[in-house]
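Engineer:
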Amino acid sequence: MTLADRLRSDAPDERRVAIAEIAARTAVDPGELESLVACLGHPAKAIQRPAADAFRALAEQGIAVEALLTTALDAPDPRLRFGAAYALARLGPPPPAALPALLAALALDDGDVRWAAAELIGRTEPRATAVAGLLPLVANGNALQRKMALYCLRDLEAPGEDVERAALAALDDADGGVRLAAMATLTRLAKSERSAAAAGILKALNAEDPRERRAAAAALGDLGLDTDAVRTALEDAAQADDVSLRRAAERSLRKLGAASRG
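Quick note: the sequence shown uses the working numbering, first residue 44, plus one each step.
1. If you draw a straight line from the C-alpha of Thr-172 to the C-alpha of Lys-234, how long is it?
2. Give me the Cβ distance between Thr-230 and Leu-268, rounded to the nearest whole Å; I'm assuming they're in contact under 8 Å.
3. Taking the beta carbon of Thr-167 as the centre, do at least 16 other beta carbons fall within 10 Å, making it buried, or is it exposed?
4. Does the Cβ-Cβ distance between Ile-62 and Leu-50 come in under 8 Å?
5. I'd like to check one pair, Ala-128 with Leu-116: are the Cβ atoms closer than 8 Å?
6. Candidates Ala-240, Asn-249, Pro-253, Arg-254: which alpha carbon is nearest Leu-263's?
7. Return helix, strand or coil for Thr-167, following the three-state DSSP convention.
8. With distances taken from CA atoms, which of Pro-169, Ile-244, Gln-188 is nearest Ala-201?
9. For Arg-256, I'd like the list of residues in its chain whose CB is within less than 6 Å of its CB, leaving aside the five on either flank, ordered along the chain.
10. Pull up the CB-CB distance for Leu-131 and Glu-109, whole angstroms please, since I reckon it's below 8 Å.
11. Output the distance between the C-alpha atoms of Ala-161 and Ala-212, rounded to the nearest integer angstrom.
12. If Ala-94 and Leu-101 are in contact, beta carbons under 8 Å, what's the gap, nearest whole angstrom?
13. Using CA coordinates, which residue listed in Val-181, Pro-136, Leu-134, Met-191 is at the minimum distance from Val-156?
14. Leu-223 by DSSP, collapsed to three states: which one?
15. Once the 5 residues before and after Ala-186 are set aside, which same chain residues still bring their CB inside 7 Å of it?
16. Ile-106 to Leu-79, Cα distance in whole Å?
17. Where does the unbroken alpha helix (DSSP H) through Ser-26 begin, and where does it stop?
18. Going straight from the alpha carbon of Asp-96 to that of Arg-254, what length do you get?
19. Is the beta carbon of Ala-210 less than 8 Å from the beta carbon of Leu-245?
20. According to DSSP, simplified to helix, strand and coil, what is Asn-249?
21. I'd like to check one pair, Leu-163 with Leu-180: are the Cβ atoms closer than 8 Å?
22. Residues in the same chain with beta-carbon distance under 6 Å from Pro-121, minus the five sequence neighbours each way, listed in chain order, please.
23. I'd like to check one pair, Ala-89 with Arg-68: are the Cβ atoms closer than 8 Å?
24. If you follow the alpha helix (DSSP H) that Met-191 is part of, which residue opens it and which one closes it?
Next comes the structure, spelled out in structure tokens:
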């Protein structure tokens, strides 16, 4: 069996051995490289990640791999597209050409892949291009994509009224995870829309989900907008039967008090 065949083996152990072997090569043929690309779309991370590392090792030997990986960014399989983007990021900063694959990966069921894609989006330059790609997803992606796009915008610390408006609208999203992400994003980014953010988060103190109520209580302290309405709502929450909610409200009241004194 050739190395190219072993890289496509149904036996994971055989694939891993073949990946280690090709990573140590100083010369490879096109068929072997194509088989290594296929490993980037494997459902097992124990195959996908070593394959990406192997591409880095080959590139360090002066073997041209970037064009092949760039072509794989257009593969039909979204997991392979992400694997190609991940491998390219092992060679240096993620190129702009990888951004569509990374944005699409935010919609995948695999949480590890989603967060890995989010981390790579945060490293993609120029940042303005990443922000422009993320904003439409907050409104139009699937629930996972909407949530992850918000966290990406938060971690990018992307300024701008467009970002704030998108996060404000997401406070009314049908998905609870998206609403939590919107609160986390607004506490970090809200500037011109802080009053609207506080009003939206106040509503979440009455949500059915106790996790959302606790998150809202904590977010009001992080937002730092000290108004009578915010204080009254937090004081009420500090008397709740839910111990975690009470603690979150008490912490936020202490934060607001410290800010007003300082």
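No residue lacks a Cβ here, since even glycine has one placed at the ideal position from N, Cα and C.
Keep in mind that this is a model prediction, so the values were computed, not measured.
Structural biologist: The short version:
1. Working through the sequence shown from its first residue, we reach residue 172 at position 129. Working through the sequence shown from its first residue, we reach residue 234 at position 191. Rounded to whole angstroms, Thr-172 and Lys-234 show a C-alpha spacing of 22 Å.
2. Position 187 of the sequence shown, counted from the first residue, corresponds to residue 230. Position 225 of the sequence shown, counted from the first residue, corresponds to residue 268. Contact between Thr-230 and Leu-268 fails: their C-beta atoms lie close to 10 Å from each other, not under 8 Å.
3. In the sequence shown, the residue the question calls residue 167 occupies position 124. That one is buried.
4. Translated into the one-based positions of the sequence shown, residue 62 becomes position 19. Translated into the one-based positions of the sequence shown, residue 50 becomes position 7. Yes. Within cutoff.
5. Against the sequence shown, residue 116 aligns to sequence position 73. Against the sequence shown, residue 128 aligns to sequence position 85. It is a contact, given that the beta carbons lie within the stated cut-off.
6. As a first step, residue 263 must be located in the sequence shown, where it is residue number 220. Among Ala-240, Asn-249, Pro-253, Arg-254, the Cα nearest to that of Leu-263 is on Ala-240.
7. Walking along the sequence shown from the start, residue 167 turns up at place 124. DSSP, read as helix, strand or coil, puts Thr-167 in coil.
8. Translated into positions along the sequence shown, residue 201 becomes position 158. Among Pro-169, Ile-244, Gln-188, the Cα nearest to that of Ala-201 belongs to Pro-169.
9. Taking the first residue of the sequence shown as 1, we reach residue 256 at position 213. If you ignore the 5 residues before and after Arg-256, its C-beta comes within less than 6 Å of the C-beta of Leu-248, Ala-250, Leu-288, all in its own chain and listed in chain order.
10. Residue numbering aside, residue 131 sits at position 88 when the sequence shown is read from its first letter. Residue numbering aside, residue 109 sits at position 66 when the sequence shown is read from its first letter. Their Cβ separation, rounded to whole angstroms, is 7 Å, which keeps Leu-131 and Glu-109 in contact under 8 Å.
11. In the sequence shown, residue 161 corresponds to position 118, counting from 1. In the sequence shown, residue 212 corresponds to position 169, counting from 1. About 21 Å.
12. To locate residue 94, count along the sequence shown from 1; it is residue 51. To locate residue 101, count along the sequence shown from 1; it is residue 58. Contact check for Ala-94 and Leu-101: beta-carbon distance about 11 Å, past the 8 Å limit, so the pair fails to qualify.
13. Position 113 of the sequence shown, counting from 1, holds the residue named residue 156. The shortest C-alpha separation from Val-156 is found at Met-191.
14. Working through the sequence shown from its first residue, we reach residue 223 at position 180. Helix, per DSSP.
15. As a first step, residue 186 must be located in the sequence shown, where it is residue number 143. Result list for Ala-186: Asp-218, Gly-220, Val-221, in chain order.
16. Taking the first residue of the sequence shown as position 1, residue 106 is located at position 63. Taking the first residue of the sequence shown as position 1, residue 79 is located at position 36. So the two alpha carbons sit approximately 13 Å from each other.
17. The requested residue 26 does not occur in the structure, where the chain is confined to residues 44 to 305.
18. Counting from 1 along the sequence shown, the entry for residue 96 is found at position 53. Counting from 1 along the sequence shown, the entry for residue 254 is found at position 211. Taken atom to atom, the span from the alpha-carbon of Asp-96 to that of Arg-254 is near 39 Å.
19. Here residue 210 corresponds to residue number 167 of the sequence shown, with the count starting at 1. Here residue 245 corresponds to residue number 202 of the sequence shown, with the count starting at 1. Cβ atoms of Ala-210 and Leu-245: not closer than 8 Å.
20. By one-based count along the sequence shown, residue 249 stands at place 206. It is coil, neither helix nor strand.
21. Within the sequence shown, the letter at position 137 stands for residue 180. Within the sequence shown, the letter at position 120 stands for residue 163. For the pair Leu-180 and Leu-163, the CB atoms are not nearer than the 8 Å cut-off.
22. Reading the sequence shown from its first residue, position 78 is the one you call residue 121. Cβ neighbours of Pro-121 beyond the five flanking positions: Ala-147.
23. On the sequence shown, residue 68 is found 25 positions in, with the first residue counted as 1. On the sequence shown, residue 89 is found 46 positions in, with the first residue counted as 1. No; because the gap between Cβ atoms is not below 8 Å, this pair is not in contact.
24. Mapped onto the sequence shown, residue 191 falls at position 148. 186-199 is the extent of the alpha helix (DSSP H) around Met-191.
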